[in-house]
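Worksheet: the structure to be examined is printed underneath.
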Amino acid sequence: MSYDPNNIFAKILRGEIPCDRVHENDHALAFRDINPQTPVHVLVIPKGAYADLTDFAANAPADEIEGFVRALGETAQMLGITDGGYRALTNIGEHGLQEVPHFHVHLFGGQPLGRMIKPPGK
Ligand code: AMP
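Position one of the sequence shown corresponds to residue 57 (our numbering), numbered consecutively onward.
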């Protein structure tokens with residue numbers, strides 16, 4: 057997927073629209089999802105322009121990958137969800153139902169989360 061610089065998370069990174077920020081480092085920003093699915097629902101995004109995990113894994117330099125992964129763990133710690141447990145999830149492309157074409161990882165927590173996937177037709 058090619059990167060669309062007009063996607064909503066790019067606008068958040070440029071400060072063109074606000075976000076409810078919970079954490080930030082040199083390479084990543086974490087903010088609350090505008091439509092939370094669980095009591096804690098935060099998105100962690102790299103500051104670089106990557107469309108999805110495949111793009112990020114192939115093209116991000118090592119310092120950006122490290123900064124992003126550290127931000128994931130730090131954000132979970134800051135949110136207080138590590139003891140109870142949580143889920144980190146990224147949607148990719150059409151089958152993954154990715155809506156925003158800037159790589160992001162959802163952090164879900166604050167309650168038992170149920171099964172990870174509901175099999176089709178069940
Ligand atoms: P995905 O389907 O993985 O691309 O998820 C995109 C997520 O972005 C959804 O959970 C939306 O609720 C969330 N979202 C969309 N716009 C905003 C926004 N302006 N601020 C925070 N979260 C947003």
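Where a beta carbon is used, it is the ideal one built from N, C-alpha and C, also for glycine.
- Within the DSSP secondary-structure output, HIS158 pairs in no beta bridge.
- PHE124 places its beta carbon less than 8 Å from that of ALA84.
- Taken atom to atom, the span from the alpha-carbon of MET172 to that of LYS178 is near 13 Å.
- For ALA132, the secondary structure class from DSSP, reduced to helix, strand or coil, is helix.
- Using a C-beta cut-off of 8 Å, the region 125-137 makes contact with the region 74-90, since at least three inter-stretch Cβ pairs fall below that distance.
- Between THR131 and LEU163, the C-beta gap is smaller than 8 Å, which places the two residues in contact.
- Assigned with DSSP and collapsed to three states, ILE68 falls in helix.
- The criterion of a C-beta distance shorter than 8 Å is not satisfied by PHE65 and ALA107.
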